[in-house]
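Per the working numbering, the very first residue in the sequence shown carries number 4; after that it's consecutive. By construction, the Cβ of each residue, glycine as well, lies at the ideal position given by its N, Cα and C atoms. It should be emphasised that the depicted structure is a prediction, and the values quoted were computed from it without experimental measurement.
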Amino acid sequence: MDLKELYREVILDHNRSPRNFGRLDPADATAAGRNPLCGDVLDITLRMQGDRLTDLRFEGQGCAISMASASLMSEAVKGRRRDEIERLYGEVHALLTGRESVGERELGKLAALGGVVQFPARVKCASLCWHTLHAALADAKAPVSTE
Ligand code: ZN
Numbered sequence: 004m005d006l007k008e009l010y011r012e013v014i015l016d017h018n019r020s021p022r023n024f025g026r027l028d029p030a031d032a033t034a035a036g037r038n039p040l041c042g043d044v045l046d047i048t049l050r051m052q053g054d055r056l057t058d059l060r061f062e063g064q065g066c067a068i069s070m071a072s073a074s075l076m077s078e079a080v081k082g083r084r085r086d087e088i089e090r091l092y093g094e095v096h097a098l099l100t101g102r103e104s105v106g107e108r109e110l111g112k113l114a115a116l117g118g119v120v121q122f123p124a125r126v127k128c129a130s131l132c133w134h135t136l137h138a139a140l141a142d143a144k145a146p147v148s149t150e
């Protein structure tokens, strides 16, 4: 299995059985994301303990890329500190826009999203969950909506 095939498998797998799907109640912060270009919608709820994101769930509907990206993100950020998540956010953004080659070891499974660089219309699908998480973290004290 070559790398491209492996990445395709990761996306398909996470779309078929998304990790951390659902909603936390109560939650320390929530945010809603929307990608009108594709019709992807996403709600993120999370719990914080001090500076650490202890739990996160997402729910929504959208294309395979948007759902797989949210699932992969949920696994990658759980248990991490806010500053670690922001750094990861920057690296994923660089990966998706092809502006920078990012170490695959550092990104782990998230590197599977690198293929969307070839499909500019899909970049918004893959980055929607990260923008939504960013919005939730920005105001983690009070529930917010980006509607
Ligand atoms: Zn999409």
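9 angstroms Cβ cutoff met for residue i and residue j
| i | j | result |
| --- | --- | --- |
| Phe24 | Ser69 | no |
| Ala97 | Asp16 | no |
| Ala30 | Leu45 | no |
| Arg85 | Leu56 | yes |
| Ala139 | Leu49 | yes |
| Leu6 | Val80 | no |
| Asn38 | Lys127 | yes |
| Ala115 | Ile14 | yes |
For residue i, the first and last residue of its enclosing alpha helix (DSSP H)
| i | result |
| --- | --- |
| Arg84 | Note, Arg84: premise wrong, no alpha helix (DSSP H); not H, not E. |
| Arg11 | 6-19 |
| Ala129 | 123-141 |
Buried versus exposed call for residue i [16 or more other C-beta atoms within 10 Å across all chains shown]
| i | result |
| --- | --- |
| Ser130 | buried |
| Phe122 | exposed |
| Gly117 | buried |
| Arg90 | exposed |
| Ser77 | buried |
| Leu110 | buried |
| Arg125 | buried |
| Ala141 | exposed |
| Gly53 | exposed |
| Thr100 | exposed |
| Leu40 | exposed |
| Gly82 | exposed |
| Gly42 | exposed |
According to DSSP, residues forming a beta bridge with residue i
| i | result |
| --- | --- |
| Arg227 | In the structure as shown, the chain starts at 4 and stops at 150, and residue 227 therefore has no counterpart that could be examined. |
| Ala32 | Leu49 |
| Asp43 | Asn38 |
| Arg55 | Gln52, Arg84 |
Within-9 angstroms CB hit, residue i to chain B
| i | result |
| --- | --- |
| Val126 | Here there is only one protein chain, and chain B is not present. |
Closer than 8 angstroms: residue i CB and nearest the ligand GTP heavy atom
| i | result |
| --- | --- |
| Asp43 | For the structure depicted, the ligand GTP is absent and the ligand set comprises only the ligand ZN. |
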